[in-house]
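Residue numbers (our numbering): 91 to 598.
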Amino acid sequence: MQIALIVALSLPWLNPFALRPAPAVVQSLLSVLGLACLLLLPLRRGGLATLAGVVAWAWLLSALLSSGLGLLQYFGLSGAWSPWVNSTLAGEAFANLRQRNHFASLVNIGLMSLLWLASNRQPNTDSPKQVSRPALPLRWLGLLFAAVLLGAGNAAASSRTGLLQLCLALALWLLLWRSSTRTEVRKLLLAAALSYLGAACLLPLLAGLGFGETGILSRLQDTQLMCQSRLIMWRNVLHLIGLQPWSGWGWGELDYAHFITLYPGARFCHILDNAHNLPLHLAVELGLPAALLLCGAALLLIARAKPWAEQHSTRQLAWGVLGVIALHSLLEYPLWYGPFQLAASLSLLLLWLSRAAASNSADHLLAGPYSSSSGWRLRSALALGLVAGAAYAAIDYARVLQFYLPASARTRLFSEPSLSSAHRSWLFGHWLDFAQATSTPVDAGNATRMQELNEAILHLSPEPRVIERIIRSAALLQRFDVAWFYLQRYQAAFPAEYADWQKRDKQP
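In structure tokens:
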């Protein structure tokens, strides 16, 4: 049972498949199923250690396998393993997570899981002298190998966020939690750090890429303020906050707000659907009052919990993982992805269940409502609800997916005669609208409908082909003020695509 749970919790991190139009859906569905499986885990005496062990092993297994995949990618060997391993260019590594920062965060979560497992090894307590006996050589070598592999995987990711997270782990276990940290744990952490430093220097040379020309050393030297830099992005977001400070632009409206706004200075040159900083994102979409309230409440809860003074190993693991996700959330948006939502939820669950253990040495005790018979019935009902919801979402998405596949690749079970007859999707209907809006030619007969549809789709994905259809339909309707409005913003947001479009329109 526990092995099956470990596999189920690992799958969201290891899944190699991303199906457009919403590539993160498969990850999210697997995360929901993993949580449902975990809720069915029977917990009695020893339950907290069992639950924490399952979670830690799942995170560590995912991180170790992903580190191996990342090294294959870094040396340009991933193509032979397609489709089970995402293909990359040599010198790039992100395992099956499709983003280097996601990969680095997983590796650091795995490192913290390794430290928990080392902290919670079962000593021989027959004699007081044996309690502090070092781990067996074979077991110690396994732990050491895992630490070295995780350090190398982190270096292969070439993620500055991953480097900061490694520094966070060093600060937590070597400084703040030093009094409760075993010598073995400190050695493993230092081994991971030394492995990171060594791999950062050696991996580019071993891959024939040149020292300092790629990898984390190259990224640390890259200080150019280009249009895709976070500093320019955050300046734009602050400008948008200034335009709508009280109520924000609305949830999910940042990409539309970014496109529709003409900035006085430099402009972030990609579609901006997230502020890459959680407090800023809350402020720009919900408004400053809501952002201050939510962030203030979170800081207050953290201050009351005092994670820096934590002595309980399971709670240290949970706080460490939350710290990794929080640090990542200041630079990107991991909580928009299923595996990180699951990791954060499991960390909060461990903190809740270990409340008694934090003040009581009886680690085997669990919060009563969770382990009681009524709690078991509630968890079972919730798990069944999650499975049913995931099944419905999977079927709904499979139906929508057909319109993004070639006709020969579509599944007969979900085949629909046309887009107009397929608007039965409750969860993903907006992607059906997107398919219709971007695949239907604009002419005088449908110009009004196409303008309305594409202007609605602009809030979902303000990309060039959508903007071009709005301008064309407005021109056909002789709404030249509307056409000029979008023409200005198209040129500002996508200058290269705008120039190509102008050339195409001038061709006979």
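Ideal Cβ placement from N, Cα and C applies to all residues, glycine included.
Considering only their Cβ atoms, is the gap separating residue 142 from residue 404 smaller than 8 angstroms? The sequence position of residue 404 within the sequence shown is 314, counting from 1. The sequence position of residue 142 within the sequence shown is 52, counting from 1. Closer than 8 angstroms, so yes.
Let's see if you can read the secondary structure: which residues bound the alpha helix (DSSP H) around residue 251? Here residue 251 corresponds to residue number 161 of the sequence shown, with the count starting at 1. 250 to 261 is the span of the alpha helix (DSSP H), which, as asked, contains residue 251.
Spatially closest choice to residue 208 from 188, 193, 269, 276, by CA coordinates: Your numbering for residue 208 matches position 118 in the sequence shown. Nearest C-alpha to residue 208: 276.
Hey, would you say residue 281 sits closer than 8 angstroms to residue 246, going by beta carbons? The sequence position of residue 281 within the sequence shown is 191, counting from 1. The sequence position of residue 246 within the sequence shown is 156, counting from 1. At least 8 angstroms separates the beta-carbon of residue 281 from that of residue 246.
Quick one: is residue 93 buried, meaning 16 or more other Cβ sit within 10 Å of its Cβ, or exposed? The sequence position of residue 93 within the sequence shown is 3, counting from 1. Result: exposed.
Reduced DSSP secondary structure (H/G/I, E/B, other) of residue 520: Your numbering for residue 520 matches position 430 in the sequence shown. Correct three-state label for residue 520: helix.
Distance, Cα to Cα, residue 96 vs residue 594? On the sequence shown, position 6 is the one that residue 96 refers to. On the sequence shown, position 504 is the one that residue 594 refers to. C-alpha separation (whole angstroms): 54 angstroms.
Comparing alpha-carbon positions, which option in 555, 131, 157, 127 lies nearest residue 526? Stepping through the sequence shown from its first residue, residue 526 is reached at position 436. Checking every option, the nearest Cα to that of residue 526 belongs to 555.
Local conformation of residue 549 per DSSP, three classes: Numbered from its first residue, the sequence shown carries residue 549 at position 459. In this structure, residue 549 counts as coil in the three-state DSSP scheme.
With a threshold of 8 angstroms on Cβ separation, who are the neighbours of residue 105 within its own chain once the five nearest residues in sequence on each side are excluded? Start at 1 with the first residue of the sequence shown, and residue 105 comes out as number 15. Result list for residue 105: 116, 117, 120, 186, in chain order.
Contact defined as beta carbons within less than 8 angstroms: I believe residue 397 pairs with residue 336. What is the distance between those atoms, to the nearest angstrom? Locating residue 397 in the sequence shown gives position 307, where the first residue counts as 1. Locating residue 336 in the sequence shown gives position 246, where the first residue counts as 1. With a contact defined as Cβ atoms closer than 8 angstroms, residue 397 and residue 336 miss out at about 33 angstroms.
Tell me the residue span of the alpha helix (DSSP H) that contains residue 41. The displayed coordinates of the chain run from 91 to 598. Any statement about residue 41 would go beyond what the structure contains.
Are residue 584 and residue 111 touching if we call contact CB-CB under 8 angstroms? Within the sequence shown, residue 584 is the residue found at index 494, counting from 1. Within the sequence shown, residue 111 is the residue found at index 21, counting from 1. No, the Cβ-Cβ distance between residue 584 and residue 111 is not below 8 angstroms.
When 146, 159, 241 are compared against residue 203, the one with the closest alpha-carbon: The sequence position of residue 203 within the sequence shown is 113, counting from 1. Measuring from the Cα of residue 203, the nearest candidate turns out to be 146.
Quick one: using the 10 Å Cβ neighbour count with 16 as the cut-off for buried, is residue 219 buried or exposed? Walking along the sequence shown from the start, residue 219 turns up at place 129. In this prediction, residue 219 has a pLDDT of 43, which is less than 50 and means its spatial position is unreliable; what the coordinates show is noted afterwards. Per the 10 Å Cβ criterion, exposed.
Under 8 angstroms by Cβ, that's how I've got residue 368 and residue 419 pegged, so tell me the actual separation to the nearest angstrom. Along the sequence shown, one-based indexing puts residue 368 at 278. Along the sequence shown, one-based indexing puts residue 419 at 329. Indeed they touch by this definition, with Cβ atoms about 4 angstroms apart.
Whole angstroms are fine: how far does the CA of residue 239 sit from the CA of residue 122? Here residue 122 refers to the residue found at position 32 of the sequence shown. Here residue 239 refers to the residue found at position 149 of the sequence shown. Whole-angstrom Cα-Cα distance: 29 angstroms.
Assign residue 171 to one of three DSSP states: helix, strand, or coil. The residue given as residue 171 occupies position 81 in the sequence shown. Note: residue 171 maps to helix in three-state DSSP.
Three-way DSSP call (helix, strand, coil) for residue 361 in this model: Position 271 of the sequence shown holds residue 361. DSSP places residue 361 in coil when its eight states are reduced to three.
Contiguous alpha helix (DSSP H) assignments of at least 4 residues, all confined to the stretch 390 to 424: Taking only runs of at least 4 residues, the alpha helix (DSSP H) segments lying wholly in the stretch 390 to 424 are 403 to 419.
Determine the direct distance from the alpha carbon of residue 573 to that of residue 197, and round the result to whole angstroms. What you label residue 197 is simply residue 107 of the sequence shown in a count that begins at 1. What you label residue 573 is simply residue 483 of the sequence shown in a count that begins at 1. So the alpha carbons of these two residues sit roughly 49 angstroms apart.
Does the ligand ATP have even one heavy atom less than 7 angstroms from the beta-carbon of residue 122? Among the ligands in the structure shown, none appear at all, so the ligand ATP cannot be discussed.
In or out: residue 579 buried (at least 16 other Cβ within 10 Å) or exposed? Residue numbering aside, residue 579 sits at position 489 when the sequence shown is read from its first letter. Looking at its Cβ environment, which holds 16 or more other Cβ atoms inside 10 Å, residue 579 is buried.
Just to confirm, are residue 536 and residue 559 a CB contact at a threshold of 8 angstroms? Start at 1 with the first residue of the sequence shown, and residue 536 comes out as number 446. Start at 1 with the first residue of the sequence shown, and residue 559 comes out as number 469. No.
With 16 other Cβ atoms within 10 Å as the buried cut-off, status of residue 271: For the purposes of this step, residue 271 is taken as residue 181 along the sequence shown, with counting starting at 1. Under this definition residue 271 is a buried residue.
Could you compute how far the alpha carbon of residue 416 sits from the alpha carbon of residue 262? Within the sequence shown, the letter at position 326 stands for residue 416. Within the sequence shown, the letter at position 172 stands for residue 262. Answer to the nearest angstrom: the Cα atoms are 14 angstroms apart.
Compute the Euclidean distance between the alpha carbons of residue 279 and residue 473, then round it to the nearest angstrom. What you label residue 279 is simply residue 189 of the sequence shown in a count that begins at 1. What you label residue 473 is simply residue 383 of the sequence shown in a count that begins at 1. So the two alpha carbons sit approximately 36 angstroms from each other.
Are the CB atoms of residue 256 and residue 283 nearer to each other than 8 angstroms? In the sequence shown, residue 256 corresponds to position 166, counting from 1. In the sequence shown, residue 283 corresponds to position 193, counting from 1. In contact: residue 256 and residue 283 (Cβ atoms closer than 8 angstroms).
Residue 168 vs residue 162 beta-carbon contact at 8 angstroms: The residue you call residue 168 lines up with position 78 of the sequence shown. The residue you call residue 162 lines up with position 72 of the sequence shown. A contact, by the Cβ cut-off of 8 angstroms.
What residue does the alpha helix (DSSP H) around residue 317 start on, and which one ends it? In the sequence shown, counting from the first residue as 1, residue 317 sits at position 227. Counting along the chain, residue 317 falls outside any alpha helix (DSSP H), and DSSP gives it neither H nor E.
Applying the criterion that 16 or more other CB atoms from any shown protein chain within 10 Å of the CB defines a buried residue, is residue 184 buried or exposed? Here residue 184 refers to the residue found at position 94 when the sequence shown is read from its first residue. Buried, since its Cβ has 16 or more Cβ neighbours within 10 Å.
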